[in-house]
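The numbering used here runs 906 ahead of the 1-based position in the sequence shown.
First up is the structure itself, then whatever we jot down about it.
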Amino acid sequence: MNLSQIIEKHINRIPNKLAVISESTKYTWQEFNRQVNKMGNALKKLGVKKGDRVAICLPNSPEYLVTYFGVVRLGAIAVPFNVMFKGDEIKYIVNNSEAVLLISLAGETMNKVLEMRDELPYLEKIVLLGESSLSDVISYQQMLEGESDELTTVDCAPDDVVTILYTSGTTGQPKGAMLTHSNFYENAELNGCYVLMVSDQDRFMTGTPFCHIFFVLAVLGPMYKGAAIVTMPRFFPDKALELISEYKVTHFAGVPTMYIYMLQTYLESPQKYDLQAWRFAQSAGAAMPADYIPKIVQTFGVGFCECYGSTETSATCTYGRLEHGKAGSIGLAADTWQVIVTDNQNNPTALGEVGEIVVKGPGVFKGYWKMPEATSEALIDGWFHTGDLGMIDEDGYLYIVDRKKDMLICGGYNVYPREVEEVLYKHPAVLEVAVIGVKDEAKGEIPKAFVTLRPGSQAQETEIIAFCKDRMAAYKVPRVVEFPFELPKNTTGKILKRALAN
């Protein structure tokens, strides 16, 4: 098998329907397949072979997709990372993965990477997309010129690694999760056929970078069904709404922060946008504050689906069935997955009791690259221990309570920051919020809230604390409230609580 076969299966059936759309480029399925073959042939000439790691540092674009599937078609291993990464972050990933080739966007960051070329011992060649005066690099555009658009796809075993994705590093040094052809193919089918309810008449767009595990849901899932992918190099709320309007996007996927900003932007000038084609909104990556879900549905006129998964599960393992969800829940387990909640002794908890979420299914990763100890801690008898705290109700619906490492103990009581955050989101002045634990001599830890306010709104610390006291047990109430201009986030829009604790 080979993951790139999700492209090939559309060549005879819908060869002339659009597969990839950007503001500058449009490819039909037939044209896209030919471009992928050209890329594969060009990479072969550069010496790339089955099992080699190829690092990819490109924005969401047709070129990213051509590059990714060109690497995959050769049986090589794609190692994508974000274009916003800096020199040391890039050096770590390139060296840790032992990538032999780097395909990147030309610019200031790559100039700095080239200055440390002698610190990248495995890297043999660098390909740059865009104008560059640098020597000792290969031009992306020139590399494809004159290449054959015919290529035999390399056959791979189902458990051969197709991609190494590095975790966000929110809880420590990034780890390279090894995902297989089977992992991605099976979860592409799950997302395309069941979660997203997408067809070959639809157009799908995401605000998340393609180097993120969201790629499985927001690109591979739609592609599995033959839907077109609309690319947006970087998320901006106004640009997202413009592209949805212009290209009649039917499905959008993003993290909660993106929807919060899109709502704010849309409500400022709704007449600028035509969102009639948009019918499905999907969210994952972090828990969507419950109060925002009806706002998304009513404002944009869409159905809403929240999913749960991680890099190590190839994205989705639970999801909310459209119009059959429960407020605050991340849905039921997918029919190909098993999901349980366990206590500290790894025994299943009773319904309604909080414990660690543990999952097993076709998307569970092969392990962490060159980290056998971390692999054995996270992966036990095929079950992945997520590190997330949750509970399951009597109907089988899963609820995220918090990250295991985020939980704090205040005076002997467990406090789950997400529970406090949900209350804070009900305050009319609050735009975004993050709650962490800070040391306290008397209680060990106390909750501290970081709150950003809606434009034009005002609130004082005493007001926020009083608001919480009226709505939750005293031990859960934040003792301190800070009002930063914005909250620190990683490149996918997740709030970085570790940065707030420093």
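The C-beta atom is built at its ideal place from N, Cα and C for all residues, glycine as well.
Predicted, not measured: the structure shown is a model, and the values here were computed from it.
Apart from the five residues on each side of it in sequence, which residues of its chain come closer than 6 Å, Cβ to Cβ, to residue i?
i       : result
ALA1163 : What sits at residue 1163 in the sequence shown is Thr, not Ala. Taken in chain order, the residues that qualify are GLY1399.
ILE1202 : TYR1165, ALA1187, PHE1210
PHE1116 : ASN966, TYR970
LYS1403 : ALA1340, ILE1342
LEU964  : TYR970, LEU1011
CYS1213 : ALA1190, THR1222, TYR1225
GLY1215 : ALA1221, THR1222, CYS1223
THR1069 : ALA984, LEU1085
PHE938  : ALA925, VAL926
State the Cα-Cα distance for the pair residue i and residue j, rounded to the nearest angstrom.
i       : j       : result
GLN1204 : GLN1177 : 16 Å
GLY1261 : GLU1325 : 15 Å
THR1368 : ASP994  : 42 Å
VAL978  : SER910  : 6 Å
TYR1167 : TYR1179 : 15 Å
ASP1346 : MET1378 : 20 Å
THR1076 : PRO1394 : Reliability fails at THR1076, whose pLDDT of 45 lies under 50, so the model's placement of it is uncertain and no value is given.
SER1220 : VAL1265 : 12 Å
ALA1181 : GLU1174 : Correcting the residue identity first, residue 1181 is Leu in this sequence and not Ala. Distance between the alpha carbons of LEU1181 and GLU1174 is about 15 Å.
ALA925  : PHE1158 : 16 Å
ASP1241 : ALA1193 : 22 Å
ASN1002 : TYR1303 : 39 Å
ALA1348 : PRO1384 : 15 Å
VAL1386 : ILE1352 : 9 Å
LYS1276 : MET945  : 29 Å
GLU1051 : GLY1237 : 48 Å
ALA1063 : ILE912  : 16 Å
ILE962  : PHE987  : 6 Å
LYS1272 : TYR1072 : 13 Å
PRO1334 : ASP1376 : 15 Å
VAL1000 : GLY1317 : 45 Å
GLY1113 : GLY1036 : 22 Å
ASP1024 : MET1103 : 49 Å
LYS915  : LYS950  : 23 Å
VAL1043 : VAL1270 : 37 Å
TYR1100 : PHE1120 : 16 Å
ARG1309 : LYS1154 : 37 Å
Under 8 Å by Cβ, that's how I've got residue i and residue j pegged, so tell me the actual separation to the nearest angstrom.
i       : j       : result
TYR1046 : LEU1057 : 18 Å between Cβ atoms; not a contact.
TYR1322 : VAL1307 : 5 Å
PRO1128 : PHE1110 : 4 Å
VAL1122 : ILE927  : Not confirmed; about 20 Å, so no contact.
THR1156 : TRP1184 : 6 Å
VAL1067 : LEU1085 : 7 Å
MET1313 : HIS1087 : Not really, about 36 Å apart at Cβ, beyond 8 Å.
LYS1081 : ALA1405 : With 8 Å as the limit, LYS1081 and ALA1405 do not qualify as a contact, their Cβ atoms being about 19 Å apart.
GLU1328 : PRO1195 : 6 Å
Give every residue of the same chain whose Cβ lies closer than 8 Å to the Cβ of residue i, excluding the five residues on either side of it in the sequence, and list them in chain order.
i       : result
GLN1170 : PRO1143, LEU1337, ARG1360, PRO1361
LEU1020 : ILE1032, LEU1040, ASP1042, VAL1043
LEU1147 : MET1168, THR1171, TYR1172, LYS1178, TYR1179, LEU1181
PHE991  : CYS963, ILE999, THR1015, THR1397
Quick one: what's got a C-beta closer than 7 Å to residue i's C-beta in the same chain, skipping five residues either side?
i       : result
ARG940  : ASP1055
ASP1106 : ILE920, LYS923, LYS1131, GLY1132, ALA1133
LEU952  : LEU1007, LYS1031
PRO1390 : PHE1356, THR1358
THR931  : PRO968
ALA1005 : ARG959, VAL960, ALA961, VAL985, TYR1028, LEU1029
TYR1235 : Per the sequence shown, residue 1235 should be read as Ser rather than Tyr. Cβ neighbours of SER1235 beyond the five flanking positions: GLY1226, TYR1303, LEU1304, TYR1305.
VAL1060 : ASN908, LYS956, ARG979, LEU980, GLY981
GLY976  : VAL942, MET945, GLY946, LEU949
LEU1026 : LYS997, VAL1000, ASN1001
Does any CB atom of chain C fall closer than 8 Å to the CB of residue i?
i       : result
ALA1134 : The structure shown contains no chain C, having only a single protein chain.
Quick one: is the Cβ of residue i within less than 7 Å of any heavy atom of the ligand FAD?
i       : result
ALA1159 : For the structure depicted, the ligand FAD is absent and the ligand set is empty, with no information on it obtainable.
Give the list of continuous alpha helix (DSSP H) stretches no shorter than 4 residues that lie fully inside the region 1029-1094. 1046-1050
Are three or more beta carbon pairs between the region 1089-1100 and the region 1287-1299 nearer than 8 Å? no
Inter-stretch contact (C-beta, 8 Å, three-pair minimum) for the region 1226-1235 and the region 1248-1265: no
Indicate whether the contact test is met: 3 or more Cβ pairs, each with one atom in the region 982-993 and one in the region 952-960, closer than 8 Å. yes
Tell me the start and end of each unbroken alpha helix (DSSP H) in the region 965-1003 that is at least 4 residues and wholly inside, in chain order. 968-979, 993-1003
Runs of 4 residues minimum, wholly inside the region 1337-1377: which ones carry the alpha helix (DSSP H) assignment? 1367-1375
Within the region 1157-1191, ranges of the beta strand (DSSP E) (whole runs, at least 3 residues): 1157-1160, 1186-1189
Can you list, in chain order, the stretches of the alpha helix (DSSP H) that have 4 or more residues and sit fully within the region 1215-1298? 1278-1284
Mind the definition here: the region 1242-1250 touches the region 1296-1312 only if three or more C-beta pairs lie below 8 Å; say whether that holds. yes
Restricting to runs no shorter than 4 residues, where is the alpha helix (DSSP H) found entirely within the region 1191-1216? 1198-1206
Can you check the region 910-966 for any alpha helix (DSSP H) of at least 4 residues that lies completely inside it and give the ranges in chain order? 911-914, 935-951
Which full runs of the beta strand (DSSP E) of 3+ residues lie inside the region 1101-1156, going along the chain? 1109-1112, 1134-1136
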